[in-house]
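Inspection log for the structure reproduced underneath, given as structure tokens.
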Amino acid sequence: MQLYFTHASPYARSTRIVLREQRLEQRVQEVVSHPFNNAEDFIATNPLGKVPCLSGENGEAMMDSEVICAYLDRELGDGRLSQAMEADWELKTFYSVCSGLLDTLVLLRLEKLREKEGLRSDFWWQRYENAIQRTLDYLERRAGQLPEPLNLAHINLACALAYLDFRHSEIDWRSRRPQLADLAQRLESRDSFAATALRE
Numbered sequence: 001m002q003l004y005f006t007h008a009s010p011y012a013r014s015t016r017i018v019l020r021e022q023r024l025e026q027r028v029q030e031v032v033s034h035p036f037n038n039a040e041d042f043i044a045t046n047p048l049g050k051v052p053c054l055s056g057e058n059g060e061a062m063m064d065s066e067v068i069c070a071y072l073d074r075e076l077g078d079g080r081l082s083q084a085m086e087a088d089w090e091l092k093t094f095y096s097v098c099s100g101l102l103d104t105l106v107l108l109r110l111e112k113l114r115e116k117e118g119l120r121s122d123f124w125w126q127r128y129e130n131a132i133q134r135t136l137d138y139l140e141r142r143a144g145q146l147p148e149p150l151n152l153a154h155i156n157l158a159c160a161l162a163y164l165d166f167r168h169s170e171i172d173w174r175s176r177r178p179q180l181a182d183l184a185q186r187l188e189s190r191d192s193f194a195a196t197a198l199r200e
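Note that full-length UniProt numbering numbers the sequence shown so that position 162 is 162, with each residue one more than the last.
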């Protein structure tokens, strides 16, 4: 099996963390594939042209980080990273809010790129920034309630916060959110997180 990814993708990073937490490095080969390059083998299995993408031995592909994380954890691993979320609707909601935060951070990143072309929308810029601040406050109030041990909600949260640092370092999110800051620091100290740190 092959996992297509880029080092700068927070979505791909979550799958790479799960892969390492479940010690699947010998079963799944990681392949750097920038979507914009449209490599033939990548596009052949992945019509969306997005990362992450998990290509199976039968030639079929899985797309979307949530699907891939669940597959790696439940089908190839022992399922422990998913177990806490199975019947916990609050935790599932927390996971979804982290996904929404990450999506909004990506949209703000795109708006920054549009700004370089003189196409910035002040309306959307402000809307994204307000949503980011509100969501960080929401997560701060709940960060201390996350069940242990490590689960997919932790991973999704950490990937969103790391992307915030990576692409939006001007946003000071730590000073007013000590629980989030402490949790992020503890998560990033794990080997699986350190090995998959976001970079260009």
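Glycine included, every Cβ here is placed at the ideal spot set by N, Cα and C.
### Message
Tell me which residues share the same chain as residue 29 and place their Cβ nearer than 6 Å to its Cβ, disregarding the 5 neighbours each side in the sequence.
### Response
Taking the first residue of the sequence shown as 1, we reach residue 29 at position 29. The residues are 2.
### Task
Put residue 145 into one of helix, strand or coil per three-state DSSP.
Along the sequence shown, read from residue 1 onward, the residue named residue 145 stands at position 145. Here residue 145 sits in helix by DSSP.
### Query
Are there 16 or more other CB atoms within 10 angstroms of the CB of residue 52, so buried, or fewer, so exposed?
Here residue 52 refers to the residue found at position 52 when the sequence shown is read from its first residue. Buried: at least 16 other Cβ atoms inside 10 Å.
### Task
Check whether the stretch 95 to 111 touches the stretch 155 to 165, counting contact only when three or more Cβ pairs, one atom from each stretch, lie closer than 8 Å.
The stretch 95 to 111 makes contact with the stretch 155 to 165, as at least three CB pairs between them are under 8 Å.
### Query
Considering only C-alpha positions, which residue in the set 81, 127, 70 and 107 is nearest to residue 146?
Here residue 146 corresponds to residue number 146 of the sequence shown, with the count starting at 1. Of the residues 81, 127, 70 and 107, the one whose Cα lies closest to the Cα of residue 146 is 81.
### Task
Can you grab the Cα-Cα spacing for the pair residue 111 / residue 171, in whole Å?
To locate residue 111, count along the sequence shown from 1; it is residue 111. To locate residue 171, count along the sequence shown from 1; it is residue 171. Each residue's alpha carbon lies about 15 Å from the other.
### Task
Can you check DSSP and say which residues form a bridge with residue 63?
Residue 63 sits at position 63 when you count from the first residue of the sequence shown. DSSP output for residue 63 lists 53 as bridge partner(s).
### Query
From what residue to what residue does the alpha helix (DSSP H) around residue 90 run?
One-based indexing of the sequence shown puts residue 90 at position 90. Here the alpha helix (DSSP H) through residue 90 covers 89 to 116.
### Task
Just the C-alpha distance for residue 151 and residue 83, rounded to the nearest angstrom, thanks.
Translated into positions along the sequence shown, residue 151 becomes position 151. Translated into positions along the sequence shown, residue 83 becomes position 83. Their backbone Cα atoms lie some 8 Å apart in a straight line.
### Query
With a Cβ-Cβ cutoff of 8 Å, do residue 31 and residue 6 count as a contact?
For this step, residue 31 is matched to residue 31 along the sequence shown. For this step, residue 6 is matched to residue 6 along the sequence shown. When the beta-carbon positions are compared, residue 31 and residue 6 stay at least 8 Å from each other.
### Query
Which class does residue 32 belong to by DSSP, given the choice of helix, strand or coil?
Here residue 32 refers to the residue found at position 32 of the sequence shown. Under the three-state reduction of DSSP output, residue 32 falls in the strand class.
### Query
In the structure shown, what three-state DSSP assignment does residue 2 receive?
Here residue 2 refers to the residue found at position 2 when the sequence shown is read from its first residue. Annotated three-state conformation of residue 2 is strand, per DSSP.
### Query
Using CA coordinates, which residue listed in 137, 12, 55 and 169 is at the minimum distance from residue 66?
One-based indexing of the sequence shown puts residue 66 at position 66. If we check each option's Cα against that of residue 66, 12 comes out closest.
### Task
Would you give the residue range spanned by the alpha helix (DSSP H) that residue 171 belongs to?
For this step, residue 171 is matched to residue 171 along the sequence shown. Annotation: residue 171 is outside any alpha helix (DSSP H) and is labelled neither H nor E by DSSP.
### Query
Considering only residues of the same chain and omitting the five flanking positions on each side of residue 184, which have a CB-CB separation below 7 Å?
Locating residue 184 in the sequence shown gives position 184, where the first residue counts as 1. Within the same chain, Cβ atoms closer than 7 Å to the Cβ of residue 184 are found at 158 and 161, the five residues on either side in sequence being excluded.
### Query
If we count the other Cβ atoms within 10 Å of its Cβ and call it buried at 16 or more, is residue 130 buried or exposed?
Here residue 130 corresponds to residue number 130 of the sequence shown, with the count starting at 1. Counting the other CB atoms within 10 Å of its CB gives residue 130 a total below 16, which places it among the exposed residues.
### Message
With H, G and I counted as helix, E and B as strand and the rest as coil, what does DSSP make of residue 38?
### Response
Position 38 of the sequence shown, counting from 1, holds the residue named residue 38. Three-state DSSP puts residue 38 in coil, outside helix and strand.
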